[in-house]
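In my numbering, the protein residues as written are 806 to 1078.
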């Protein structure tokens, strides 16, 4: 742990006021501007609902996979009230194919809270957003920044990778100390103006150029100031997750079948079986 602390202390963030400006200039020309949840002409509540749903769907699922599911979902649930009032079976049916169904259940629970506690209006207060089921610090920041242009930082997987390389942060990003350091960088670089554009831009940078393998550093707007690039350590950062021994489970399974068909039962919300 002492080695990690020393590394974090040495890798202070670059004092670079131009980070956001360079990123925004690059995004204006090369970023993604046609994603279905980016419609700025929507009224505030429609906009935040679309952003919120997209952020939840994009957790552990790629954009190209999410888009058709998102569009179908929004046709059935165009606003938070229609979703909150739906039965869970219908919610899960419209989530089918995306996997990680706990996301859908938490989104459903949170929508009910917005309806019951906030009169159907998504809160603008950060702590109130964090109190909603399923919204952690990064997702809350992403929703508030993209929907309302509020200057809250985000730290999803793409952003962690960008900042770990740009500031040469050693250590697995899932480590508490490393994540805390990355949050300090994320907050420092987030501009007070154009927070919505910046949030999308830094996610786009990680998704399209600063990729896990074979990053396109020669096309990156931050290449001159990137510590990992200038020190030849891009392939080393971010530090991979430490390997661990996976547990072995043994189980006995059986099928109940008759002439009428196969007996199926919905799995419980938590646990494996």
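Backbone N, C-alpha and C define an ideal beta-carbon position, used for all residues, glycine too.
Shown here, residue 960 sits in coil according to DSSP, grouped into three states, outside any helix or strand. Counted as a single uninterrupted DSSP element, the alpha helix (DSSP H) harbouring residue 1000 occupies residues 1000–1013. Cα atoms of residue 1043 and residue 1018: separation of roughly 11 Å, rounded to the nearest angstrom. Taking a C-beta distance under 8 Å as the contact criterion, residue 1045 and residue 988 do not qualify as a contact pair. Under the Cβ criterion (8 Å, minimum of three pairs), the segment 1006–1024 counts as touching the segment 956–975.
Taken in chain order, no unbroken stretch of beta strand (DSSP E) lies wholly in the segment 884–925 with a span of 3 residues or more.
Residue 1059: not part of any alpha helix (DSSP H); DSSP gives it neither H nor E.
Here residue 841 really is in contact with residue 876; their C-beta atoms are around 6 Å apart, less than 8 Å. The beta-bridge partner set that DSSP reports for residue 940 is empty.
Rounded to the nearest angstrom, the gap between the Cα atoms of residue 851 and residue 873 is 18 Å. The residue from 849, 963, 906 with its alpha-carbon nearest to that of residue 1015 is 963. Of the other Cβ atoms in all chains shown, fewer than 16 fall within 10 Å of the Cβ of residue 979; this residue is therefore exposed. With fewer than 16 other Cβ atoms inside 10 Å of its own Cβ, residue 930 counts as exposed. Ranked by Cα distance from residue 838, the first of 1030, 1011, 1006, 1050 is 1006. In the structure shown, residue 863 adopts coil according to DSSP, grouped into three states.
If you draw a 10 Å sphere on the C-beta of residue 855, you find 16 or more other C-beta atoms in it, and that means buried. Going by beta carbons, residue 1000 and residue 955 fall inside the 8 Å limit.
Residue 946 sits in a helix when the DSSP states are folded into three classes. Remark: C-beta atoms of residue 907 and residue 864 do not approach each other more closely than 8 Å.
Under DSSP, residue 1067 shares a beta bridge with 1062. In this structure, residue 934 lies near residue 945, with their beta-carbon atoms less than 8 Å apart. Less than 8 Å divides the Cβ of residue 959 from the Cβ of residue 1004. If you compare the alpha carbons of 822, 829, 823 with that of residue 1008, the shortest gap goes to 829.
Scanning 871, 846, 927, 902 for the CA closest to the CA of residue 884 turns up 927. Remark: C-beta atoms of residue 827 and residue 1027 approach each other more closely than 8 Å. Apart from sequence neighbours up to five positions away, no residue of its chain approaches residue 1070 with a beta-carbon distance below 8 Å.
Within its own chain, the residues whose Cβ lies closer than 7 Å to the Cβ of residue 911, once the five positions on either side in sequence are excluded, are 938, 939, listed in chain order. Rounded to the nearest angstrom, the Cβ distance from residue 996 to residue 825 is 4 Å, consistent with a contact under 8 Å.
Nearest to residue 844 by C-alpha distance, out of 1002, 904, 897, 917, is 1002.
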